[in-house]
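Right, one structure below, let's go through it.
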Amino acid sequence: MESEKKTIYLDHAATTAVDLKVLDAMLPYFRDSYGNASGIYGLGVDGKRAINKSRETIAGMLQCEPDEIIFTSGGTESDNLAVQGAAFAARLHGAGNHIITTAIEHPAVLNTCAYLKEQGFDVTYLPVDEQGLVEPSQVEANLRKDTILVSVMLANNEIGTLEPINEIAGITKKQGILLHTDAVQAFGQIPVNIKELQVDLLSASAHKLYGPKGIGLLYCRNKTSILPLHYGGRQEGGRRAGTENVPLIAGFGTAAELAFDSMEVRSSALMQLRNLFLQRILSEIPGSHSHGDLLKRLPGNINVAFDDVESTALLLMLSMKGICAASGSACSTGAKESSHVLRAIGCTEKEARETIRFSLGKENTIEEIDIVMQVLKECIENLRLIRGA
Ligand SMILES: *Cc1c(COP(=O)(O)O)cnc(C)c1O
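Numbered per the working numbering, the sequence shown finishes at 683, counting up by one with no gaps.
Written as structure tokens, this is what we have:
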């Protein structure tokens, strides 16, 4: 199919394009330096060196030790390794059976907790307020003698809300309970470091920050006991068996470097563009409502409902005009159930089905927002006309 229409990509929370500098950093390890990083010959040493460099770069950003970083296949695996790994290790040591998480976690945490429940663990799901914020005192109130793990995300992928992780860490630390945070949306967007957050486990993924898909990391504080998800070689300190994916690890390191180098400038530009876009939506489109906290929020996130406009119909019309956006999260598109996050912040079923997410990225421009506003207004008017007819 021939198309001269330029794509306007507003779904960066789902994934991002690989930055060309990241691609360049990966290519040598696909082509020439293909050796196994455990080999003692030159080709292997090249790979080992690339892995060490990425590990050290990222450790510097997270302000942790390099050997506290475990490379995984992505955010989903990191969440599984953190939550399952900590739970099964605690059971092995007879430490307890109780896990606390929230109602708005990513499915990678929620469905892992559901699995653990089947395995005999007890799970408490904390509610959030209308902004999507977890109240730290709720964590404290739900702690029990047998609580082994608290898992609260740093930034929500649907509504962009930033959770008070450092405050929660103050509570879990006093009781000696492990704290995990899913930082997949936050890492590379806002300052994320262990000194500040004080968590024991933290998940991140490269493809949300212009890196390749299929590579992520788990920060695991030294002396934190987790069981591996599978068994094999001694890679990653015996915590993640399997031949290291050298090109993707090199790409992750470069992507992280690029993200952290320009973070302040990029995030304030992004926030400005986001605020302008959101203000235009709310003032120019009648019957539109924003969800989530306006200040404690990821810089590029907009989550907005349009009265009497079915989100799937709107997204289809936008996509025919080359505009990419999402309803709730990519993971729940096509699902029968409406977003668990929107229901947790008190949206009705109807409003949840009328909600779409725009997530902006570094390449978006003010001209693109102009085009999107015009198309959005037309589509919404037409959909409301059809509905009224
Ligand atoms: C994208 C995402 C994940 C999953 O990461 P993958 O690398 O795609 O497996 C987990 N948590 C959050 C908050 C995400 O946005």
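Idealized CB from N, CA, C, for every residue including glycine.
Fair warning: this is a prediction, and the values are worked out from it, not measured in the lab.
Q: Give every residue of the same chain whose Cβ lies closer than 7 Å to the Cβ of serine 626, excluding the five residues on either side of it in the sequence, and list them in chain order.
A: In this prediction, serine 626 has a pLDDT of 49, which is less than 50 and means its spatial position is unreliable; nothing more can be read from the coordinates.
Q. What does a CB cutoff of less than 6 Å around serine 499 pick up in its chain, not counting 5 residues either side in sequence?
A. Gly368, Gly369, Val478 and Gly510
(Q) Could you check whether the Cβ of histidine 400 sits closer than 7 Å to any heavy atom belonging to ligand 1? (A) yes
Q) Within the present structure, is the beta-carbon of aspartate 373 separated from the nearest heavy atom of ligand 1 by less than 7 Å? A) yes
**Q.** Beta-bridge partners of aspartate 416, as assigned by DSSP
**A.** His392
Q. Is alanine 307 near ligand 1, going by C-beta to nearest heavy atom under 7 Å?
A. Yes, ligand 1 has a heavy atom inside 7 Å of this Cβ.
**Q.** Among Gly341, Glu490, Lys615 and Leu670, the one whose alpha carbon lies nearest that of glutamate 461
**A.** Glu490
Q: Apply the 10 Å Cβ neighbour rule to histidine 306 and answer buried if 16 or more other Cβ atoms are within range, or exposed otherwise.
A: buried
Q) Is any heavy atom in ligand 1 found nearer than 7 Å to the beta carbon of valine 478? A) yes
Q: Please state whether DSSP places aspartate 476 in a helix, a strand or coil.
A: strand
Q | For threonine 366: DSSP bridge partner residues | A | Gly510
Q) Looking at glycine 368 and ligand 1, is the gap between the Cβ and the nearest heavy atom below 7 Å? A) yes
Q.
Would alanine 620 and arginine 651 qualify as a contact pair, given that the criterion is a beta-carbon distance under 8 Å?
A. yes
Q. If you drop the 5 nearest sequence neighbours on each side, which residues of the same chain put their C-beta closer than 7 Å to that of threonine 475?
A. Listed in chain order, the non-local C-beta contacts of threonine 475 below 7 Å within the same chain comprise Val446, Met447, Leu448, Ile459, Leu491, Val493 and Leu496, local neighbours out to five positions each way being set aside.
Q) Between the beta-carbon of asparagine 539 and the beta-carbon of methionine 355, is there less than 8 Å? A) no
Q. Helix, strand or coil: how does DSSP classify serine 621 here?
A. coil
Q) Using the C-alpha atoms, what's the distance from arginine 349 back to valine 312? A) 19 Å
**Q.** Rounded straight-line distance, which links the Cα of serine 327 to that of threonine 406
**A.** 37 Å
(Q) Is histidine 474 close to ligand 1? I mean its beta-carbon at under 7 Å from any heavy atom of the ligand. (A) No - ligand 1 has no heavy atom lying nearer than 7 Å to the Cβ of histidine 474.
Q. When the Cα of alanine 389 is compared with those of Lys615, Leu473, Gly547 and Lys439, which residue comes out closest?
A. Lys439
Q.
Is glycine 510 near ligand 1 - that is, is its Cβ less than 7 Å away from at least one heavy atom of it?
A. yes
Q. Could you give the residue range of the alpha helix (DSSP H) that holds alanine 319?
A. From DSSP, the alpha helix (DSSP H) with alanine 319 extends over 314–325.
Q: Rank Val316, Ile393, Glu457 and Arg560 by C-alpha distance to the C-alpha of histidine 501 and give the top, closest one.
A: Val316
Q: Report the option in Phe554, Gly545, Val603 and Asp361 whose CA atom is closest to the CA atom of phenylalanine 481.
A: Phe554
Q.
Whether or not the segment 426–443 and the segment 571–584 are in contact is what I'm after, with contact meaning three or more pairs of Cβ atoms, one per stretch, closer than 8 Å; do they touch?
A. Because the criterion of three Cβ pairs below 8 Å is not met, the segment 571–584 and the segment 426–443 do not touch.
Q. Which residues share a DSSP beta bridge with isoleucine 596?
A. Phe652
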